[in-house]
Each structure stands twice: as C-alpha cells, then as structure tokens.
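Q: Protein chains in written order, with our numbering: chain P, 19 to 104; chain W, 4 to 83.
Where is the CB? At the ideal position from N, CA and C, for every residue including glycine.
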Amino acid sequence: MAEGILIAAAVLIFCGIVFGVLRLILGRTVVDRVVAVDMLTVISISLIALYAHVAGRFIYLDVALVYGVLSFLAVLAVARYLERGI
Amino acid sequence: MRDLFVYLLCGSILVSGILAVRLDGVMAAMVSGGLASLFAAICYVLLGAPDVAMTEASIGSGLSTLIFLYAIRRTTAAGE
C-alpha cells in the first residue's frame, strides 16, 4: 500500500517536471515562463520531501524548507518587476 | 528511482541552459538561468549533498536572480 503510494507520487512528480519544462520551452511570453518556474519550484520541493522519506534521512527536509522560503522571493521579485519595476 | 530522476534533472539543466542562451528577451533568459540553478540544487540533494544544495538554493537561485534583476533595471534605465 505505502509502496504503491510512493510510486504513484514519483510518477506524478516525473510527469510534472516534464510538462513544466515543456511549458518553459513552448512559453510565448515571459509570464508563462515565470509561472512554469513557480510550478517547478513547488514540484521540486515535493520531490525533495519524497526523497527524504525514501532515503530515510530527514536532514533533507531542511533543504526543502530553505528552498520553500527562498525561491518564493525570487518569483515575487520578478513578478513585481514585470508589473511596475522595482 | 533515484537514477531516473537524476537523468531527468540533468536533461532539464541542459534544456534550461540552452534556453538561457537562445531566448530573445533578457527576462526570459534570466528566468531560465534561475531554473538551471534550481534543478542543480535538487540534483545535489539526490546525490547526497544537502549542505551544497542549501547553498545553491539560497545563493544560486535566490540571490543571483535578484542581482540580475537589479542589473537589468540599472542598465535599461541608463540605456534609454
């Protein structure tokens, strides 16, 4: 049961990364690419958390925490710049 | 499972780097460069180096994007 859930999560994360990179390649405007980067950030945080559970090393969760705090700042700065400049 | 994700992330780093070189707009190229740094940080975690990944996530993806934004703003204000 738990094994199946982990495999399903891994497959979903894999497809999410593939589609996010496709959106980055095909994106027509800058806003599309920024949204794709934001989505890939969330997907990668979930990938780090999944790998922390699979590997059994919970120090990896700290990386996910730091990443969740910092990556949101970069996307916020880009969005603010696109809207009206810093 | 880990090797498959490492291969996928390496391919994504390659695609992001190529896009950062080939894209037209400066903003889109900057976003693609930040994404390459993001994938590199996850790759470090999967290869077993969480401290390197934390540094890469904070400096490479967070700080360098902000510095690039500041530089773009200054240069466009001087050019126009």
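Give me, in chain order, the residues of the same chain whose beta-carbon lies closer than 8 Å to that of P/Leu68; leave out the 5 immediate sequence neighbours on both sides.
A: Here the question's residue 68 of chain P lines up with position 50 in the first sequence. Cβ neighbours of P/Leu68 beyond the five flanking positions: Leu24, Ala27, Ala28, Ile31.
Q: Considering only the alpha carbon of each residue, which of P/Ser89, P/Val48, P/Gly74, P/Asp80 lies closest to W/Ile41?
A: On the second sequence, residue 41 of chain W is found 38 positions in, with the first residue counted as 1. Residue 41 of chain W is actually Leu in this sequence, not Ile. That would be P/Ser89, whose Cα lies nearest to the Cα of W/Leu41.
Q: Can you find a CB in chain P that lies within less than 8 Å of the CB of W/Leu17?
A: One-based indexing of the second sequence puts residue 17 of chain W at position 14. Taking Cβ atoms only, chain P never reaches closer than 8 Å to W/Leu17, which makes this a no.
Q: With DSSP collapsed to three states, give me the class of P/Thr47.
A: On the first sequence, residue 47 of chain P is found 29 positions in, with the first residue counted as 1. P/Thr47: coil per DSSP, three-state reduction.
Q: How big is the Cα-Cα spacing for W/Ala23 and P/Ala70?
A: Position 20 of the second sequence holds residue 23 of chain W. Position 52 of the first sequence holds residue 70 of chain P. Whole-angstrom Cα-Cα distance: 30 Å.
Q: Where do the N-terminal and C-terminal ends of the alpha helix (DSSP H) with W/Met33 fall, by residue?
A: Indexing the second sequence from 1 puts residue 33 of chain W at position 30. Per DSSP, W/Met33 belongs to the alpha helix (DSSP H) from 29-49.
Q: Can you tell me whether W/Phe8 is helix, strand or coil according to DSSP?
A: Within the second sequence, the letter at position 5 stands for residue 8 of chain W. W/Phe8: helix per DSSP, three-state reduction.
Q: Could you pull out every residue in the same chain whose Cβ sits closer than 6 Å to the Cβ of P/Met57, ignoring the five residues on either side in sequence?
A: As a first step, residue 57 of chain P must be located in the first sequence, where it is residue number 39. Correct list, in chain order: Gly38.
Q: Would you kindly work out how many angstroms separate the C-alpha atoms of W/Ala56 and P/Val87, rounded to a whole number?
A: What you label residue 56 of chain W is simply residue 53 of the second sequence in a count that begins at 1. What you label residue 87 of chain P is simply residue 69 of the first sequence in a count that begins at 1. If you take the alpha carbons of W/Ala56 and P/Val87, they lie about 14 Å apart.
Q: My output table needs one value for W/Gly63: the three-state DSSP class, helix, strand or coil.
A: Within the second sequence, numbered from 1, the residue matching residue 63 of chain W stands at position 60. Of the three classes helix, strand and coil, the one that applies to W/Gly63 here is helix, per DSSP.
Q: If you follow the alpha helix (DSSP H) that P/Leu88 is part of, which residue opens it and which one closes it?
A: On the first sequence, residue 88 of chain P is found 70 positions in, with the first residue counted as 1. Unbroken alpha helix (DSSP H) run through P/Leu88: 78-102.
Q: Is it a yes or a no for the segment 40-50 of chain P touching the segment 18-37 of chain W, going by three-plus beta-carbon pairs under 8 Å?
A: In short, these stretches touch, since the Cβ pair count reaches three.
Q: Would you check if the distance between the CB atom of W/Ala60 and the CB atom of W/Ala74 is smaller than 8 Å?
A: On the second sequence, position 57 is the one that residue 60 of chain W refers to. On the second sequence, position 71 is the one that residue 74 of chain W refers to. Contact: no.
Q: Let me know if P/Met19 comes out buried or exposed under the rule of 16 or more other beta-carbons within 10 Å of its beta-carbon.
A: For this step, residue 19 of chain P is matched to residue 1 along the first sequence. Exposed, because fewer than 16 other Cβ atoms sit within 10 Å of the Cβ of P/Met19.
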